[in-house]
Structure formats: structure tokens, C-alpha cells
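*Asks:*
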Amino acid sequence: MADQKASTSIEAVESGLAAQGYIASRQIATAVYLSQQIEKPILVEGPAGVGKTELAKAIAAWRGLKMIRLQCYEGLDEAKALYEWKYAKQLLYTQILKDKLGEVLGGAQTLHAALDQLHDFGDVFFSKEFVEPRPLLQALEQPGGCVLLIDEIDKSDAEFESLLLEILSDFQVTIPELGTVSAITPPMVILTSNSERDLGDALKRRCLHLHIGFPEQRLEERIVESRVPGISQTLRRQMVGFIHEIRSLDLKKLPSVSETIDWARVLVLLQASELDTEIVKDTLNVLLKYEADIEAATPQVTTFIAKAARSNVFG
Amino acid sequence: MRENLHRFFRAARGVGVHVSPAESIDAMRAVAQVGISDRSVLRDALLLTLAKSQDEKLALGDCFDLFFSQPEPRQDQPEAAGEDDAAQDDDQPPSSGPASEAGEGQPPQGLGPLAQMLLSQDRNAIAAAIASASGAASLSDIRYSTQRGIFSSRILDAMGLQRLRDDLDQLTATNPSLAERLRAALDALREAVRDTVSQGLALYAREEAENLRNEILRNAPLARIERRQVAEMRALIRQIARRLRERYSKPRKRQRRGHLDVRRTLRRNAAWGGVPFLTAWKRKHRDRPKIVALCDVSGSVAQVSDFFLLLIHSLHEVVDDVRSFAFSSHLIEVSEILEAKSPEEAMSEIMSKVGFGSSDYGSSLVDFEKEFMSTLTPQTTVIVLGDARSNNLDPRADILRRISERSKRLVWLNPEGRLAWGFGDSEMPRYATFCSVVRQCATAQQLERAVSDIVATYQ
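In order, the protein sequence lines correspond to chains A and B. Just so we're aligned: 263 in this note's numbering is position 263 of the first sequence, and the numbers increase by one with no gaps anywhere. Start counting at 1 in the second sequence, then tack on 1000, and there's your number in this note's numbering.
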């Protein structure tokens, strides 16, 4: 019974994402389903442009949740990621309230008494009023839950990773002056990484590890179909087959799904009905981003087109 | 199922996937969610929760396929054993009577359960019996290949081999042709059990066996390593490199130490009229290691140099700049060869260019001084790897002195033991005076320590 429910729910995830134009493989859908069920973040790794960030957007759109995005970079610290005190506002308020303070403290005869009266005030200046919530704190404070996307975590410093650990495992943060803030509704957390550096074990342990590679030919065709509806079926087959051939080359930067989609758009704009050497050579710069790569691929174009056409017959 | 998952976790640790208790709990929860009816979903769920990198995913996927390719041990194993005993007791007295009635195809009555099962040739029943017997013999505890025999016999005993032997003895007297068939079936069974044990060994013993082998390999002299071990040694060196990278690659900023950086503090607090809410501290700039390596690639030292160069060149994240030179009778730069090619190809190319000559330290040092002296800066660590046996030619220790003066440190790694230094044509004592450190470096472990110390001086 439970099994039955699980597999239908995984399909529900798949179709839900598909409705947002994100064609997910079974593995991705399983990851999303599990992450909902056991409330664990997903760490998505894979080459650039395979739809890691898109996944988070699609989930947010599918479940009708707000998406909060934290873009990581070197030097990102808790003041920019978690919360910050509004220093200027605090200063301003002390200036404005100077007279009031004088009144309050007016009755005090000694320094000691003044201090006691100040204590009665409590920590007015270190209250929620003066906290500027940054993405991580915002995510915890969303009443209906949200999708928190921590993008390119590998670009941040190792110290920042440790800062994330509390949020990732318990969905809470500790602000020394205020205490611990727990999530109202645990957000769905997605971390993405391009594997520029190895992440710490502590961080990895707290996440489901999902690797998105280049999709299979069928899947990629479906992705193109949903993203670029105007393209004819034959051309779609040919171009995806061609890109799969290109990926077998030893290039500096292999074309990924985002390049496939761009190229499909370009081909539609040029009103191409099928691939030929001329048009491919003209538009190769959409697929390949380095001069050296284009030079390496150009002599192969004709053979690749032929190969792609041949695989079509059997596919 | 829980039992099976635990065994799977053990198998996963065997293939090098790090499965902590917390991860196994997560995996259990995930499995509880997705259920076990769909194998591919189960596989995905386990891969998602247990594996932490692409390599681990591949290894774990293979392990999953191997693990679930065998029939799962049945849970009713204790009852089966109980039945066995009971059956044996019952069958003991009327043994001689009904044997003669046995036709060709029909197994005769009065035989033990195992004999009947073998004669009926019910493959599934036999496979299930093997599986439950291997559970009883706790096959998952197997660690070394030498234990194969004992586990096989334990499994066979658990299946009731003793009783089968008795049956066989009786049948030989009463029904020779049937006995022949049973004997053939028994041989087949032995083979099946042996396969099961081998599979168990592949699943469960990897971790221990690997640790043991690595331990031996770490302490084996690099120069005398056997050909078939070279690949393993390379893998080990890569492991060492990864460990060193993890230890030293984190840029450890020394923030909040030292002196207040007044200029940056004022600038940062301009918004509050220069009231210093945020402080900026002077940071210590830290160099990454710059290494110049001179490696002797003549006969005896070549193998050690090979591993050393592999190690040094796998430390990109830690070491800023490595330039390597190889020499025997003369010296060439080999950095580019090592960067561009696979270790095997690079080494054979280097060997074809300068290798296998008789070493001449003097003229190699002259070559270095003439062309590459300018690569040395006060931040450079120079590492010389060699046995300092210069075939009684002029050692030119004066050049080494100049090298030492121009660089931060000069480290000499010698694959020979300390005892041999200075005997025969070894010039070690003369060179040693100009070196910051001289140490023996004959095994992978010593190599790791030496490189670790060199990198650590920059931290």
C-alpha cells in the first residue's frame, strides 16, 4: 500500500514539474519527493546549465511557494546571508529619543540608579524591530513555507558552510541577542554546486545528494519540446542527436541543456527545417563558448550531422 | 528487510562509500517512504541518501546491483533448522527399507531433506537453502580470502552435509546409480556454495582487505615495488594527495588578529560619521608553496621519482607553482610533460629522454645553474630527490650551496637508508651541509610525511 502511494506520488512530482515546463528524470523526481517527505535539503551537483537553478524555480512555481534565493560568492558572510542590525536606524533612534531618555533618567540621583532604570527598559535597541532579515532568516520567517535556493554554494568560503549547518539540519538560527528563531514552516531547501571545490562532509551529510548530468537523448528531446514548442519533430531529433555527438568530443566546455534550448530557439528563428552543414557552422557559436572548441568541432560537423540523421532512422 | 539494509550498508562501506550511522538512519527513513517494491526507485533512494559524490554513486550503484542479484536470505531460517533436526531424528531408524523401491526419477523415501532437495533438482529451493545457510553461518563476517574454505564448510554443515553423507553411504550399498547422481549433485552444490562465498567476499571483505593491503603498501620500499603493484601504488599516492589537499588547501585567513587597519576601518564606517561600528584588521598575507623539484631518474631511484612527481603534481590546490626537473647524466625540465600527459605516458617519455643513464650529479647541477637558476626565489622550496651516488664524478657541491642561498629551503630526500650515506660513491655528507633538511624517503608513508612537512612550513 505504502509502496503504491510512493510511486504514484513520485509520478505526481514528475507531472507537477512538467506542468511548469521542467521535464524531470525519475531520479530528480524521487529526490524532490524524498526531500519533502523526510524534510532534508537537496544538494544538486552537475555541470553548468543542466537546470539546477531551474529545478528550484519549477518546484516553487509548482507548489505555489515563494522562492528566496541566496547567491553565494567569495566573502559572503552572515551579515549578508542571515541578518544584520540596522545600525543607522539604531543611531537615529538614540538621537531622537535623547530627550525621552533624559526624562526617564531624570529622577535618578546617582549613576547606579540611572543604570537600574535603563535596565528596566530592556534591550529596546536589540529587538526584532532593528533586525534586517537577510535571505536565510527571511526563509525561516515565511508563514506558508517557501523554497530556499542557495545557489553555487561552492563559491562561498568554507566558514560559510558551517554557518549553514544549523539551518540545514534543524531549520533554525541562533541570534545571540534574540535567541533561537525556528522556522514557522520548514522551507524546502535546494543547494546547488558546480563542484568547484569539495564541500565539507558535514554539509553533505545533511543533504540528499543529487547529481544532474547531461540528459539522455529522449529526455532532452522532451525538454526541447516543452521549452521551444515551435520546433518541428525531425529538426528536434536531429539537433539533439547532433549535440549528443558534440558532447563526445574533448572540449573545454561541453554544451549543456541551456545551450540546446538556445540553439533550438535560434534554429526556429532562422526558420530552418533541417540541419545542414552551412547553418550549423553559422550557429555553432551558440553552442560552444570558446574559440578553441569551435575550431575543434568545425571539421566534424558534416559527419555528426550524418550520424545524427542515421540514428534518427533507427530511433 | 531491515536486516538486509544493514547488510547492504556494510557492503557499501566495503566499496568505499562512507556510511555513518546518521546516514543509515536517513536511508532507512527514505526507504520507509518509497517502499521496496520498485527496485529502481529503491536504488535511487539509496543513492540519494548514502552517496556523497559522483564516484560514490557509481560505486554504490554497482554494489547495489551485485548485492541484490543474489536471492535474499529468507527470514524463516530458524524454523527450517528446527525442521532439519526433527527430520533427522525421525528418519534415522527406518533407513534400509524403502531404498529399493526407488525408481529412476522418483527420489526414494527415507533420505535427508538435503538429499531429497538435490535429487529433485529444485533450483529455487536449493538457492534459498544456500542463502539461509549462509545467513546462519554469518557470511557477512567474512574478511579475508583465506577464510573462504571455512565459510564454505560452515555453510555446507548448516545445510546438513553430515546427514547427506550418511545417505550417500547407504545408497552406495543399496542403489549405486542413484548414489552416483547424488554425488554429482553434491559436487554442483559445493561449487554453488563456493560461488556464494566468493560473492560474499567481494561484498563484505573489500574494506578490511583494502585497509590491510594499503597498510602493507604504504610501508613497502618504493624502489623495489613489483610491476603489478604499480597501479595500486599510484592509486594510493592519489589518495595521499587528496588527503594533503584537504588538509592544506583551505586558505586560513588570519582575521581578527594583529593590528587594526585604520584606513579600511574608517572607510568602512564612513556611513556612520566615522564611528567605528565595524572593524577591519590587518591580515597576514600567506604564500602558497612554490616548489622546484630536482629528481634523479637513474636506475635505482627512478621508481621513487615517479611516485614523487605524481604526488607533487596532484597537489594543484595546495601548491601554487611547481617546476620539475629530471636528470641522470644531464638535466631537463619535465613540468609540461607531466601536466599534459597521463602519469604512465609522461614517465615513459621522461625516461626515454633522460632516464637510465648513470647519474652525474655534478653536470646535472651545472645544467640547472646555467638555465634555470632564475626560477629560484626566496619563497621557493627546492626538493632534490636522489641517492647522491655520483659515480665518483665531481659532485659540484658549490652549486648546491648557491641554490640553497637563493631559495627558502633546500630539502633532500634520499631513498637510501641513513646507514648507506657516505659509503661507496655516495656524496650525501658533502651535500647535506647545504640542505635545510635531509631525510630518508623510501616508502609511501615517508613520502607523505616529507611532502606534508614541506607544505606545512608555508602555513
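Where a beta carbon is used, it is the ideal one built from N, C-alpha and C, also for glycine.
On the CB-based measure, 16 or more other CB atoms within 10 Å of its CB, does Lys-1370/B come out buried or exposed?
*Replies:* Counting Cβ neighbours within 10 Å, Lys-1370/B comes out exposed, since fewer than 16 surround it.
*Asks:* Report yes if the C-beta distance between Ile-42/A and Ile-190/A is below 8 Å; otherwise report no.
*Replies:* The answer is yes: Cβ separation under 8 Å.
*Asks:* Taking the straight line between their C-alpha atoms, what separation do you get for Val-181/A and Glu-78/A?
*Replies:* Rounded to whole angstroms, Val-181/A to Glu-78/A spans 15 Å at the Cα level.
*Asks:* Leaving out the 5 sequence neighbours to the left and right, which residues in its chain are closer than 7 Å to Gly-1357/B when beta-carbon positions are compared?
*Replies:* Ser-1298, Ser-1328 and Ser-1329.
*Asks:* Which word fits Gly-1149/B, buried or exposed, when buried means at least 16 other C-beta atoms lie within 10 angstroms of its C-beta?
*Replies:* Exposed: under 16 other Cβ atoms inside 10 Å.
*Asks:* Report the residues of the region 1273-1306 of chain B with a CB closer than 7 Å to any CB of chain A, ordered along the chain.
*Replies:* Hits within the stretch, in order: Phe-1277.
*Asks:* Please classify Asp-99/A: is it buried, with 16 or more other beta-carbons within 10 angstroms of its beta-carbon, or exposed?
*Replies:* Per the 10 Å Cβ criterion, exposed.
*Asks:* Closer than 7 Å by beta-carbon distance: list the chain B residues that pair up with Gln-27/A, in chain order.
*Replies:* Neighbours of Gln-27/A on chain B, chain order: Asp-1044.
*Asks:* According to the neighbour-count rule (16 or more other Cβ atoms, all chains shown, within 10 Å of its Cβ), is Ile-10/A buried or exposed?
*Replies:* Label assigned to Ile-10/A: buried.
*Asks:* Sort out for me which residues DSSP pairs Leu-208/A with in a bridge.
*Replies:* Answer by DSSP bridge pairing, in chain order: Ile-42/A.
*Asks:* Report yes or no: do the region 51-70 of chain A and the region 142-151 of chain A share at least 3 C-beta pairs separated by less than 8 Å?
*Replies:* Enough Cβ pairs lie closer than 8 Å, so yes.
*Asks:* Check whether chain B comes within 8 Å of Ala-292/A, counting only Cβ atoms and requiring the distance to be less than that.
*Replies:* Not one chain B Cβ lies under 8 Å of Ala-292/A.
*Asks:* Using 8 Å as the Cβ pair cut-off and three pairs as the minimum, do the region 227-244 of chain A and the region 289-309 of chain A touch?
*Replies:* The answer is yes - the region 289-309 of chain A touches the region 227-244 of chain A, with three or more Cβ pairs under 8 Å.
*Asks:* Cutting at 6 Å between CB atoms, please list the residues of its own chain near Cys-1435/B, excluding the five before and the five after it.
*Replies:* Once the five neighbours on either side are set aside, the close Cβ partners of Cys-1435/B are Leu-1410 and Trp-1412.
*Asks:* Starting from Gly-179/A, trace the beta strand (DSSP E) both ways and give me its first and last residue.
*Replies:* Where Gly-179/A is concerned, the enclosing beta strand (DSSP E) stretches over 179-182.
*Asks:* For Thr-1457/B, does the three-state DSSP call read helix, strand or coil?
*Replies:* Thr-1457/B: coil per DSSP, three-state reduction.
*Asks:* For Gly-1422/B, count neighbouring Cβ atoms within 10 angstroms of its own Cβ and tell me buried if that reaches 16, exposed if not.
*Replies:* Flag for Gly-1422/B reads exposed.
*Asks:* Tell me whether Ala-1184/B is buried or exposed, calling it buried when 16 or more other Cβ atoms sit within 10 Å of its Cβ.
*Replies:* Classification of Ala-1184/B: exposed, given that the 10 Å Cβ count is below 16.
*Asks:* With a threshold of 7 Å on Cβ separation, who are the neighbours of Gln-1092/B within its own chain once the five nearest residues in sequence on each side are excluded?
*Replies:* Here the model assigns Gln-1092/B a pLDDT of 38, short of 50, so the residue's position is not dependable, and the following value carries that caveat. If we look at Gln-1092/B and ignore the five residues flanking it on each side, it has no Cβ neighbours.
*Asks:* I'd like the list of long-range same chain contacts for Phe-304/A, defined as Cβ closer than 6 Å, with 5 residues on each side in sequence excluded.
*Replies:* For Phe-304/A, where only same-chain residues beyond five positions count, the Cβ hits under 6 Å are Phe-242 and Glu-245.
*Asks:* Using the rule of at least 16 other Cβ atoms within 10 Å of the residue's Cβ for burial, across every protein chain shown, is Met-1001/B buried or exposed?
*Replies:* Result: exposed.
*Asks:* Do Leu-1310/B and Ile-1237/B have their CB atoms nearer than 8 Å?
*Replies:* A contact, by the Cβ cut-off of 8 Å.
*Asks:* Buried or exposed for Tyr-1248/B, going by 16 or more other Cβ atoms inside 10 Å?
*Replies:* Buried, because 16 or more other Cβ atoms sit within 10 Å of the Cβ of Tyr-1248/B.
*Asks:* Would you tell me roughly how many angstroms separate the C-alpha atoms of Arg-1154/B and Val-1015/B, rounded to the nearest one?
*Replies:* Distance between the alpha carbons of Arg-1154/B and Val-1015/B is about 26 Å.
*Asks:* Pull up the DSSP beta-bridge partners for Ser-70/A, would you.
*Replies:* Per the sequence shown, residue 70/A should be read as Leu rather than Ser. Leu-70/A pairs with Ile-150/A.
*Asks:* Taking a contact to mean a Cβ-Cβ separation below 8 Å, would you say Arg-265/A touches Val-228/A in this structure?
*Replies:* Yes; because the gap between Cβ atoms is below 8 Å, this pair is in contact.
*Asks:* If you draw a straight line from the alpha carbon of Cys-1441/B to that of Ile-1337/B, how long is it in whole angstroms?
*Replies:* The alpha-carbon atoms of Cys-1441/B and Ile-1337/B are separated by roughly 24 Å.
*Asks:* Tell me, please, which residues DSSP counts as bridged to Cys-1295/B.
*Replies:* Beta-bridge pairing links Cys-1295/B to Ala-1326/B and Leu-1385/B.
*Asks:* Give me the Cα-Cα distance between Ser-1198/B and Arg-1123/B, rounded to the nearest whole angstrom.
*Replies:* Whole-angstrom Cα-Cα distance: 19 Å.
*Asks:* List the residues of chain B whose Cβ lies closer than 7 Å to the Cβ of His-211/A, in chain order.
*Replies:* What His-211/A touches in chain B: Gln-1054 and Lys-1057.
*Asks:* Our contact map puts Ile-1142/B next to Leu-1201/B with C-beta atoms below 8 Å; I'd like the distance itself, whole angstroms only.
*Replies:* That pair is a contact at about 5 Å.
*Asks:* In chain B, what lies closer than 9 Å to Thr-192/A by C-beta?
*Replies:* Within 9 Å Cβ-Cβ: nothing; Thr-192/A doesn't reach chain B, min ~15 Å.
*Asks:* Asn-1175/B by DSSP, collapsed to three states: which one?
*Replies:* Note: Asn-1175/B maps to coil in three-state DSSP.
*Asks:* Here's the rule I'm using: 16 or more other beta-carbon atoms within 10 Å means buried, otherwise exposed. How should Asn-1414/B be labelled?
*Replies:* Result: buried.
*Asks:* Using a Cβ-Cβ distance under 8 Å, would Ala-88/A count as near chain B?
*Replies:* Yes, Ala-88/A counts as interfacial toward chain B.
*Asks:* State the start and end residues of the unbroken alpha helix (DSSP H) segment that holds Trp-263/A.
*Replies:* First-last of the alpha helix (DSSP H) with Trp-263/A: 257-269.
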